[in-house]
Ligand code: AMP
Ligand code: GLY
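Numbering (my numbering), first residue to last: 816 to 1236.
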């Protein structure tokens, strides 16, 4: 098969790395890719807003399957467009992607299907939202309805913070039209897990879970990021809890989609808060998580391409997923300043030496080759993913790798995999 992966993060590097291992993968392409991906796939820059150009590329390269990484392209309807041109796509339709691209759609879906989620109210009017805040209890959470690159959620511990947050979303339009509508919801207390299952028309198949580290700095301090590290498994996620997640969250989601005749083909990511009252859905994401994907794909024993092929044919029930019995951890190296402003084009040295550490894979995110050297081009730059018989060893291997990487402009969290492990 000739396969095209869309995206250029460490998630897509891990997807390419997994697919490349499959015997059935003939040629692998990636748009746009990065310095790491280009070692295993043919990378190409194409303006993805121009769907015709994408189609031309797929035809020229005789692409059999397109795997879409980031949510934005799902919202843009690339999956529907390619399918209408008879090209197989791994990734849900624009309509099904609303589970992530519209928080009000997701909340309505959860409510209709009696799936635990925080109580919420929906607002399109600034003054009504302000009135509501005046009589609310704190902390509370304000969320822009649409996609905001993971930044449209504001946790407010006081009335003052809530007014500032509301202004930011609805008045200053910091997230553009994603903030035309908002939801205000109760704050959930507990610990978070990212749970993943493949979904098709007829069934679903559990992949696994990972614990993400959202805040930029150690001890969960600093601003929210896309994720600074992840690991699996965790002792706090018991078999009993997993069974509860399946029963109370995953199954009712599948049944709810069926009731609405909404066909979801792809990976579904449940952002869960495990509270004293059991698991609650914080959000759905219609894609792999980053950095959870890197961790989970290194843990996966089954051929990813085989799963994807059966998934797009609604034949998930014919396969079983096997994971290793090992511990996997991913530590993200990011540009100093991320998730705020950061410098680009700084050189990363000694990567090949660092990647020789046992059990470690280095997945690239914001990197490119300039004048023959690897340079940084984004906020999150590398994912160091390490596997071992126990978490302690996996951690040691990951941090040893980071020590060997010579990059003065980077930072990382030193406490990945310490809490809830
Ligand atoms: P989201 O984009 O919805 O995943 O939210 C980003 C992050 O904000 C989540 O991963 C949580 O850490 C936090 N968050 C969102 N909603 C809530 C909530 N209702 N209670 C507590 N924390 C929340
Ligand atoms: N790491 C969380 C996400 O991918 O949204």
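C-beta: ideal position from N, C-alpha, C; glycine also.
If you're wondering where the values come from, they're calculated on a predicted model, not measured in any experiment.
- With contacts defined by Cβ atoms closer than 9 angstroms, residue 994 and residue 959 form a contacting pair.
- Boundaries of the beta strand (DSSP E) harbouring residue 1185: 1182-1185, taken from the DSSP string.
- Spanning the alpha carbons of residue 838 and residue 1218 requires a straight line of approximately 35 angstroms.
- One Cα belongs to residue 1165, the other to residue 851, and the distance between them is close to 14 angstroms.
- Take residue 1188, set aside five residues on each side of it, and the residues of its chain with a beta-carbon closer than 6 angstroms to its own are 1162, in chain order.
- The three-state reading of DSSP puts residue 826 in helix, counting H, G and I together.
- Cβ-Cβ separation between residue 1044 and residue 1145: approximately 6 angstroms, consistent with a contact (criterion under 8 angstroms).
- Those residues that bring their Cβ nearer than 5 angstroms to a heavy atom of ligand 2 are 1027, 1042, 1104 and 1105.
- Per the C-alpha coordinates, the member of 1181, 979, 1175 and 1138 positioned closest to residue 1153 is 1181.
- Counting C-beta atoms within 10 angstroms of its own C-beta, residue 1015 has 16 or more neighbours from the protein chains shown and is therefore classed as buried.
- Per the coordinates, the alpha-carbon of residue 954 lies some 17 angstroms from the alpha-carbon of residue 1039.
- Its Cα nearest to that of residue 1101, the residue 1078 stands out among 1120, 981 and 1078.
- In the displayed model, residue 991 falls within a helix according to three-state DSSP.
- DSSP places residue 1190 within a strand segment (E or B) once states are collapsed to three.
- DSSP lists 882 as the bridge partner or partners of residue 905.
- CA-CA distance, residue 1138 to residue 1113, rounds to 9 angstroms.
- DSSP lists 1197 as the bridge partner or partners of residue 1179.
- Contact check for residue 996 and residue 939: beta-carbon distance about 5 angstroms, within the 8 angstroms limit, so the pair qualifies.
- Bounds of the alpha helix (DSSP H) holding residue 873 are 866-875.
- For secondary structure counted as the beta strand (DSSP E) over 3 or more consecutive residues, the stretch 1025-1108 holds these complete runs in sequence order: 1030-1032, 1036-1039, 1044-1047, 1081-1090 and 1093-1100.
- Proximity of the beta carbon of residue 1039 to ligand 1 is indicated: a heavy atom of the ligand is located closer than 8 angstroms.
- Counting only residues of its own chain and dropping the five nearest sequence neighbours on each side, residue 1006 has a CB closer than 7 angstroms to the CB of 1051, 1089 and 1235.
- Collapsing the DSSP output to three states places residue 935 in a strand.
- DSSP, read as helix, strand or coil, puts residue 1221 in strand.
- Around the C-beta of residue 916, 16 or more other C-beta atoms lie within 10 Å, and the residue is accordingly described as buried.
- Taking residue 972 as the centre and dropping the five residues before and after it, the same chain places the C-beta of 953 and 954 closer than 8 angstroms to its C-beta, in chain order.
- Non-local C-beta neighbours of residue 1065 in its own chain, meaning closer than 8 angstroms and more than five positions away in sequence, comprise 1010, 1012, 1019, 1021 and 1085, ordered along the chain.
- CA-CA distance, residue 869 to residue 817, rounds to 15 angstroms.
- When distances are taken from the beta-carbon of residue 1098 to the heavy atoms of ligand 1, the shortest one is below 8 angstroms.
- As the crow flies, the alpha-carbon of residue 865 is around 10 angstroms from that of residue 893.
- Short note on residue 960: C-beta not closer than 8 angstroms to any heavy atom of ligand 1.
- Membership of residue 941 in the alpha helix (DSSP H) is indicated by the continuous run 941-949.
- With at least 16 other beta carbons inside 10 angstroms of its own, residue 833 counts as buried.
- Collapsing the DSSP output to three states places residue 1165 in coil.
- For residue 895, the secondary structure class from DSSP, reduced to helix, strand or coil, is helix.
- The beta carbon of residue 1049 is closer than 7 angstroms to those of 1026, 1235 and 1236 in its chain, skipping five residues each way along the sequence.
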